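Participant: Numbering (this note's numbering), first residue to last: 554 to 1136. Dropping a structure here in structure tokens format, bear with me for questions.
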């Protein structure tokens, strides 16, 4: 197959040259034939012009058949026709008079006024030979009164002309042969380096990663071969650089946390990363963005960017596979082609944090306002005269003290909630056994447990070498134990477990208290949230206990799971990764 391809081009050159030679020969023959026809036509036309004056008498067509016949040479034939194309005289004497010839090409055109002189070459059915016909109209005062047609045997190209044509053809053939031999010689000489270089170039094109071996080349082409080898080395190096850059770009493109897709000048999506596919739940393919994108606002933003030729920014919301707030930036690329890049950022967490921040500020204001209002109100009552009543004074001062304690507890909880992981490590360099922390908290709440006659048990099975952040772990234990005591019925039971697996420390606390409804469990870890029925505000809770548990569990690399049923109690499990906890 390769050898055949090599000869296609030279064979094409030979074919073209032969065709050119044949075309030249045919064209030369055509010119000679045309010239001979022109000469013979001119001769016959001149003879008609000489005869025409003798055919007109007093503006009428008249003729003497004997004189007409005597004026012709032996091979000529004259025909006189009326203005309607009927034969009035024919020197061959083989045509009946008054026979029409109006449909003959050379006659028809004159009768219809297309020309005054026409020529035609054809085989005559009357004399059975090929004749050259020349017909001329006879006019009197520009009015056609008849037609004279003169014909003679078509001579064709003369022997002398044919001899010249053969000589020219022979010269052209010799010249063609010489050109072919010269072209073949030049081709063979020029093909030598190609026979050597082409396989190298093809191998380099098909396998750019493969380095070409140097082969000894003929001396006259050595410089060319060395240049080709240098080019192949550069190609090999560029291939690997391009491959590395492509892999890096592909890795970065598909591992970015932002979504990116590119539109070409036809507004077709030519590239999109996995983040975009995940957010829009669709595998990208090269198609119009109008078809691929279903989000109306995003399509509108793209249209604005295309029409204005400037950056367009905005936010959109998608509901599937889950609710997201997405910030979109569409930017025209600075290139010859009109392309556009669309960058999409997930700002869901930012918007959620902004909402939490707003709610947090609102809740703090509300929670601080309640005890503060009570303290101010009762203090004003005392100052207004209630201080003179001993019983009222004690009652009001007791309320002020209780509200003050509540306000202090709320502020302490808020300060704990605002602590970051950095603050925890800075303020809590002490590490201690989690068992001792739980035991200390149990001692601290002994009075409350006895007051409600609670049955509390603590089981542990952990390695004594495990040490935890004393402050963070203590806050988790304190709030869970406080909630279990607070919301347990009289003579209820509380079970506390501290266990260890291969890579986890598990703290679990169960109570037989009033429990939490399924609806409230969805929001129980929100800050300042209190359940509407089962846990009332008059219990003194701030709504921050479980928020603190979750917050400090996150700081210590753990997570919280809660399960509960109304009237059957609540179970809270906190799991910590040992490698993070001990770090």
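Glycine included, each C-beta is placed from N, C-alpha and C at the ideal position. Being a predicted model, the structure only gives us computed values, none of them experimental.
(1) Quick one: is residue 731 buried, meaning 16 or more other Cβ sit within 10 Å of its Cβ, or exposed?
(2) Alpha carbon to alpha carbon, what distance is there between residue 1038 and residue 1078?
(3) Would you call the segment 922-941 and the segment 882-893 in contact, with 3 or more CB pairs under 8 Å?
(4) With a threshold of 6 Å, establish whether the CB of residue 1054 neighbours any heavy atom of the ligand ATP.
(5) Please check the pair residue 663 and residue 644, which I expect to be a contact at CB under 8 Å, by giving their CB distance rounded to whole angstroms.
(6) Could you pull out every residue in the same chain whose Cβ sits closer than 7 Å to the Cβ of residue 1043, ignoring the five residues on either side in sequence?
(7) Whose CA, out of 1023, 1128 and 1073, lies closest to the CA of residue 1062?
(8) Assuming contact is defined by CB atoms lying nearer than 7 Å, are residue 686 and residue 673 in contact in what I supplied?
(9) With DSSP as the reference, please indicate the residues paired to residue 866 in a beta bridge.
(10) Are there three or more Cβ pairs, one per stretch, closer than 8 Å when the segment 1024-1041 is compared with the segment 1097-1108?
(11) Rounded to whole angstroms, what is the Cα-Cα separation between residue 1214 and residue 706?
(12) At what residues does the alpha helix (DSSP H) containing residue 663 begin and finish?
(13) Taking only runs of the beta strand (DSSP E) that begin and end inside the segment 796-861, which ones reach a length of at least 3 residues, in chain order?
(14) What do you get for residue 1093, buried or exposed, if any count of 16 or more other CB atoms within 10 angstroms of its CB means buried?
(15) Are the CB atoms of residue 1021 and residue 1134 within a distance shorter than 7 Å?
(16) At the level of alpha carbons, what is the spacing between residue 1072 and residue 803?
(17) By DSSP's criteria, residue 677 is part of a beta bridge. Which residues make up the other side?
(18) Are residue 1120 and residue 1045 close, meaning C-beta to C-beta below 7 Å?
(19) Report the three-state DSSP secondary structure of residue 1006 (helix, strand or coil).
(20) Are the beta-carbon atoms of residue 633 and residue 701 separated by less than 7 Å?
(21) May I ask which residues mark the beginning and end of the alpha helix (DSSP H) holding residue 1026?
(22) Does residue 1015 come out as helix, strand or coil in the three-state DSSP assignment?
(23) Take the Cβ of residue 983 as the centre, count every other Cβ of all protein chains shown within 10 Å, and call the residue buried at 16 or more, exposed below.
(24) Identify which residue in 831, 830 and 1041 has its Cα closest to the Cα of residue 1066.
(25) When you compare only the Cα positions, how much space is there between residue 793 and residue 896?
(26) Would you call the segment 866-885 and the segment 841-852 touching, i.e. three or more CB-CB distances under 8 Å?
(27) For residue 836, which residues of its own chain have a beta-carbon under 7 Å away from its beta-carbon, when the five flanking residues on both sides are left out?
(28) Determine the burial state of residue 512: buried for a count of at least 16 other Cβ atoms within 10 Å of its Cβ, exposed for fewer.
(29) Compute the beta-carbon to beta-carbon distance between residue 961 and residue 1015, rounded to the nearest angstrom, for a pair I have assumed lies under 8 Å.
(30) With H, G and I counted as helix, E and B as strand and the rest as coil, what does DSSP make of residue 688?
(31) Please list, in chain order, all residues of the same chain as residue 637 whose beta carbon is under 8 Å from its beta carbon, the five residues on each side excluded.
(32) Let me confirm a value: residue 610 is counted as buried when at least 16 other C-beta atoms fall within 10 Å, else exposed. Which label applies?
(33) Helix, strand or coil: which one does DSSP assign to residue 626?
(34) By Cβ distance, which residues of its chain are closer than 6 Å to residue 720, with the 5 residues on each side in sequence left out?
Facilitator: Taking the definition as stated:
(1) Position 178 of the chain shown, counted from the first residue, corresponds to residue 731. Classification of residue 731: exposed, given that the 10 Å Cβ count is below 16.
(2) Here residue 1078 is taken as the residue at index 525 of the chain shown, counted from 1. Here residue 1038 is taken as the residue at index 485 of the chain shown, counted from 1. So the alpha carbons of these two residues sit roughly 18 Å apart.
(3) no
(4) In terms of ligand content, the structure shown is empty, and the ligand ATP therefore cannot be addressed.
(5) What you label residue 663 is simply residue 110 of the chain shown in a count that begins at 1. What you label residue 644 is simply residue 91 of the chain shown in a count that begins at 1. Between residue 644 and residue 663 the Cβ distance is about 19 Å, and since that is not below 8 Å, they are no contact.
(6) For the purposes of this step, residue 1043 is identified with residue 490 of the chain shown, where counting begins at 1. Answer for residue 1043: 1005 and 1006, listed in chain order.
(7) Your numbering for residue 1062 matches position 509 in the chain shown. Comparing Cα-Cα distances from residue 1062 to each of 1023, 1128 and 1073, the minimum goes to 1128.
(8) By 1-based counting over the chain shown, the position of residue 686 is 133. By 1-based counting over the chain shown, the position of residue 673 is 120. It is a contact, given that the beta carbons lie within the stated cut-off.
(9) The count along the chain shown starts at 1 and reaches residue 866 at position 313. Bridge partners of residue 866: 882.
(10) yes
(11) Nothing can be reported for residue 1214, as the shown portion of the chain is limited to 554 through 1136.
(12) As a position in the chain shown, residue 663 is number 110, starting the count at 1. Note, residue 663: alpha helix (DSSP H), 658-664.
(13) 812-816 and 821-825
(14) Taking the first residue of the chain shown as 1, we reach residue 1093 at position 540. Note that residue 1093 scores 48 on pLDDT, short of 50, meaning its location in the model is unreliable; the coordinates nonetheless yield the value given after this. When all chains shown are included, residue 1093 counts as exposed.
(15) Position 581 of the chain shown, counting from 1, holds the residue named residue 1134. Position 468 of the chain shown, counting from 1, holds the residue named residue 1021. In this structure, residue 1021 lies closer than 7 Å to residue 1134 by Cβ.
(16) On the chain shown, position 519 is the one that residue 1072 refers to. On the chain shown, position 250 is the one that residue 803 refers to. So the two alpha carbons sit approximately 45 Å from each other.
(17) The count along the chain shown starts at 1 and reaches residue 677 at position 124. Bridge partners of residue 677: 682.
(18) Counted from its first residue, the chain shown places residue 1120 at position 567. Counted from its first residue, the chain shown places residue 1045 at position 492. No, Cβ-Cβ distance for residue 1120 and residue 1045 is not below 7 Å.
(19) By 1-based counting over the chain shown, the position of residue 1006 is 453. Coil.
(20) By one-based count along the chain shown, residue 633 stands at place 80. By one-based count along the chain shown, residue 701 stands at place 148. A contact, by the Cβ cut-off of 7 Å.
(21) As a working note, residue 1026 is residue 473 in the chain shown. Taken as a continuous stretch (DSSP letters only), the alpha helix (DSSP H) holding residue 1026 covers 1023-1039.
(22) Along the chain shown, one-based indexing puts residue 1015 at 462. Note: residue 1015 maps to coil in three-state DSSP.
(23) By one-based count along the chain shown, residue 983 stands at place 430. When all chains shown are included, residue 983 counts as exposed.
(24) The sequence position of residue 1066 within the chain shown is 513, counting from 1. Comparing Cα-Cα distances from residue 1066 to each of 831, 830 and 1041, the minimum goes to 1041.
(25) Here residue 793 refers to the residue found at position 240 when the chain shown is read from its first residue. Here residue 896 refers to the residue found at position 343 when the chain shown is read from its first residue. Each residue's Cα considered, the two are about 29 Å apart.
(26) yes
(27) Taking the first residue of the chain shown as 1, we reach residue 836 at position 283. Closer than 7 Å at the Cβ level, and outside the excluded window around residue 836, lie 830.
(28) Since the displayed the chain opens at 554 and closes at 1136, residue 512 lies outside it and no answer follows.
(29) Numbered from 1 along the chain shown, position 408 holds the residue referred to as residue 961. Numbered from 1 along the chain shown, position 462 holds the residue referred to as residue 1015. The Cβ separation is near 34 Å, so there is no contact.
(30) Here residue 688 refers to the residue found at position 135 when the chain shown is read from its first residue. In this structure, residue 688 counts as strand in the three-state DSSP scheme.
(31) As a working mapping, residue 637 is identified with position 84 in the chain shown. Excluding positions up to five away in sequence, the list reads 653, 655 and 664.
(32) Taking the chain shown and counting its residues from 1, the one referred to as residue 610 is at position 57. Classification of residue 610: exposed, given that the 10 Å Cβ count is below 16.
(33) Residue numbering aside, residue 626 sits at position 73 when the chain shown is read from its first letter. Residue 626 falls in the coil class under three-state DSSP.
(34) Position 167 of the chain shown, counted from the first residue, corresponds to residue 720. Counting only Cβ-Cβ distances below 6 Å, and skipping sequence neighbours, we find nothing.
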